[in-house]
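Engineer:
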Amino acid sequence: MSGQVVIDNEYRKQIQKARCQLRALILNDIDKASLMLRLALHYAGTYDPNDNIKGSTPNGSMKNEKELNQGLAEAVNLFDEVKKECPKITRADLYQLAGIVAVEITGGPSIEFNAGRQDSMKSPEEEWLASDDIEDASKLRNINKRMGLSDGDFVALYGGLKRLSKEMTADDKGKTAPLKFDNLYFKQLLKTNALTLKGVEKALMDDIEFHKIVESYAKEEEAFLSNYVGAHKKISERGGVPTASSLTSREGRGSATTGGAKSVHAAAASNSSSSWNRGKLAQGAIGVAVATTVVILSYLFTKRSK
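In my numbering, the protein residues as written are 44 to 349.
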């Protein structure tokens with residue numbers, strides 16, 4: 044385990060630089076968003092409640108052969124260049140930042156980012172995050188309980204990951220929907236033939252409580268987005284991170300938020316029961332697009348000048 048992470052001005056600057064590069068990677072290949080979110084949630088699942096080192100988890104344990112064989116090698120290698128140019132940032136922080144950027148850039152809500160996670164080469168002996176092949180709802184709940192996740196948290200996280208993990212048919216004619224962070228996955232799940240369901244999806248449909256949550260998210264996108272924000276923040280900060288290093292994803296284009304101050308988006312992120320305000324996202328869409336263009340041009344110019 045590495046020592047305590049010092050969040051100084053240089054660390055904050057590298058967070059901003061890494062955010063720019065992560066956005067550039069996704070805008071160059073939108074499928075990278077799926078890899079980034081999957082990696083972030085996978086390593087969030089490495090949290091071990093028996094490890095008493097505050098801020099050590101999600102611990103960024105990486106290049107472990109067993110984990111890389113689970114299809115994460117491409118995702119881990121994706122960050123090598125970013126890590127090379129932003130050496131102060133721990134991989135644990137980098138992975139979680141990438142997950143937040145992936146959600147944001149595909150149209151999802153902003154999620155407050157707090158830096159300070161330590162890296163570790165040690166992976167937990169037990170599986171702390173549910174794998175996709177588990178069909179037993181009770182087993183799912185036991186795993187989620189260890190992670191401090193409610194039923195609503197788990198369904199939101201699972202649905203968000205699945206939405207960015209595969210193409211969705213937008214209608215009965217088979218038209219493919221663009222990769223976008225919304226509640227389409229839940230709508231499609233409810234239409235799926237129950238006999239074809241396997242693993243977690245079967246559990247979500249067979250269990251009464253899980254099924255109710257799926258129906259709720261399919262009906263009310265705001266409820267899904269709001270709960271996703273709270274669940275993502277919760278799982279990505281298991282073990283604790285310094286609150287004074289608060290950096291919201293969209294705020295990151297400017298200066299860092301210090302002293303625990305929170306933007307409107309950050310305040311929503313800290314309360315999973317609050318409603319996600321779609322109107323504010325729409326109002327900021329033009330500004331986000333312009334800022335993103337500036338970010339990419341700046342990144343490409345930096346690379347070219349080397």
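Glycine included, each C-beta is placed from N, C-alpha and C at the ideal position.
#1: Taking residue 138 and residue 83 to be in contact with their CB atoms under 8 Å, please state how far apart those CB atoms are, rounded to whole angstroms.
#2: Near residue 145, what residues of its chain come up, given a Cβ to Cβ distance below 6 Å and the 5 sequence neighbours on each side ignored?
#3: Suppose contacts are defined by Cβ-Cβ distances below 9 Å. Is residue 195 in contact with residue 226 by that definition?
#4: Closer than 6 Å by C-beta to residue 271: which residues in its own chain qualify, once you throw out the five before and the five after it? Chain order, please.
#5: According to the neighbour-count rule (16 or more other Cβ atoms, all chains shown, within 10 Å of its Cβ), is residue 255 buried or exposed?
#6: When you compare the CB positions of residue 136 and residue 242, do they come within less than 9 Å of one another, or not?
#7: Taking Cβ to Cβ, would you say residue 155 is nearer than 9 Å to residue 276?
#8: Leaving out the 5 sequence neighbours to the left and right, which residues in its chain are closer than 7 Å to residue 123 when beta-carbon positions are compared?
#9: Taking its Cβ as the centre, do 16 or more other Cβ atoms sit within 10 Å of residue 236, making it buried, or is it exposed?
#10: What is the DSSP secondary structure of residue 237, reduced to helix, strand or coil?
#11: So, residue 140 versus residue 61, is the Cβ gap smaller than 9 Å?
#12: Is it buried or exposed for residue 191, if we count other Cβ within 10 angstroms and need 16 for buried?
#13: What's the call for residue 252, buried or exposed, on a 16-neighbour Cβ count within 10 Å?
#14: Indicate whether residue 224 and residue 133 have their beta-carbon atoms separated by less than 9 Å.
#15: Assuming the contact rule is C-beta atoms closer than 8 Å, residue 233 and residue 265 should be a hit. Round their C-beta distance to whole Å, please.
#16: Would residue 142 count as contacting chain B if we go by Cβ distances under 9 Å?
#17: With distances taken from CA atoms, which of 220, 118 and 57 is nearest residue 356?
#18: Within the same chain, show all residues whose beta-carbon is closer than 6 Å to that of residue 54, passing over the 5 residues directly before and after it, in chain order.
#19: Just to check my reading of the structure: residue 245 and residue 178 have Cβ atoms closer than 8 Å, yes? What is that Cβ distance to the nearest angstrom?
#20: Does the Cβ-Cβ distance between residue 87 and residue 197 come in under 9 Å?
#21: Quick one: measure Cβ to Cβ for residue 180 and residue 74, integer angstroms, because I've assumed they're closer than 8 Å.
#22: Should residue 47 go down as buried or exposed, given a rule of 16 or more other Cβ atoms within 10 Å for buried?
#23: Can you give me the Cβ contacts of residue 151 inside the same chain, cut-off strictly under 6 Å, excluding the 5 residues immediately before and after it?
#24: Which residue comes first and which comes last in the alpha helix (DSSP H) that contains residue 262?
Structural biologist: Quick answer:
#1: Sequence index remark: in the sequence shown, residue 138 carries index 95 (1-based). Sequence index remark: in the sequence shown, residue 83 carries index 40 (1-based). About 5 Å; that satisfies the 8 Å criterion.
#2: The residue you call residue 145 lines up with position 102 of the sequence shown. Contacts found: 76, 79 and 80.
#3: Mapped onto the sequence shown, residue 195 falls at position 152. Mapped onto the sequence shown, residue 226 falls at position 183. Contact flag unset, no.
#4: Counting from one through the sequence shown, the residue named residue 271 turns up at place 228. The residues are 199 and 203.
#5: What you label residue 255 is simply residue 212 of the sequence shown in a count that begins at 1. Residue 255 comes out exposed.
#6: On the sequence shown, residue 136 is found 93 positions in, with the first residue counted as 1. On the sequence shown, residue 242 is found 199 positions in, with the first residue counted as 1. No, these two residues do not count as a Cβ contact at 9 Å.
#7: Counting from 1 along the sequence shown, the entry for residue 155 is found at position 112. Counting from 1 along the sequence shown, the entry for residue 276 is found at position 233. For residue 155 and residue 276, yes; Cβs fall inside 9 Å.
#8: Reading the sequence shown from its first residue, position 80 is the one you call residue 123. Nothing listed; no residue qualifies.
#9: By 1-based counting over the sequence shown, the position of residue 236 is 193. So residue 236 ends up on the exposed side.
#10: Translated into positions along the sequence shown, residue 237 becomes position 194. Here residue 237 sits in helix by DSSP.
#11: The residue labelled residue 140 in the question sits at position 97 within the sequence shown. The residue labelled residue 61 in the question sits at position 18 within the sequence shown. For residue 140 and residue 61, yes; Cβs fall inside 9 Å.
#12: In the sequence shown, counting from the first residue as 1, residue 191 sits at position 148. Flag for residue 191 reads exposed.
#13: Taking the first residue of the sequence shown as position 1, residue 252 is located at position 209. Burial call: exposed.
#14: Your numbering for residue 224 matches position 181 in the sequence shown. Your numbering for residue 133 matches position 90 in the sequence shown. Their beta carbons are not under 9 Å apart, which means residue 224 does not touch residue 133 by this criterion.
#15: Sequence index remark: in the sequence shown, residue 233 carries index 190 (1-based). Sequence index remark: in the sequence shown, residue 265 carries index 222 (1-based). Going by Cβ atoms, the distance from residue 233 to residue 265 rounds to 18 Å, so no, they are not a contact pair.
#16: Of the chains in the structure shown, none is chain B; there is only one protein chain.
#17: The chain is shown only over 44 to 349; residue 356 falls outside these bounds and no answer can be derived.
#18: Position 11 of the sequence shown, counted from the start, is the residue given in the question as residue 54. So the list reads 131, once near-sequence residues are dropped.
#19: In the sequence shown, residue 245 corresponds to position 202, counting from 1. In the sequence shown, residue 178 corresponds to position 135, counting from 1. So it is a contact: roughly 5 Å between Cβ atoms.
#20: For the purposes of this step, residue 87 is taken as residue 44 along the sequence shown, with counting starting at 1. For the purposes of this step, residue 197 is taken as residue 154 along the sequence shown, with counting starting at 1. No, Cβ-Cβ distance for residue 87 and residue 197 is not below 9 Å.
#21: On the sequence shown, residue 180 is found 137 positions in, with the first residue counted as 1. On the sequence shown, residue 74 is found 31 positions in, with the first residue counted as 1. In fact, because the Cβ distance is near 31 Å, the residues do not count as touching under 8 Å.
#22: Start at 1 with the first residue of the sequence shown, and residue 47 comes out as number 4. Classification of residue 47: exposed, given that the 10 Å Cβ count is below 16.
#23: Along the sequence shown, read from residue 1 onward, the residue named residue 151 stands at position 108. Excluding positions up to five away in sequence, the list reads 224.
#24: Translated into the one-based positions of the sequence shown, residue 262 becomes position 219. Here the alpha helix (DSSP H) through residue 262 covers 251 to 262.
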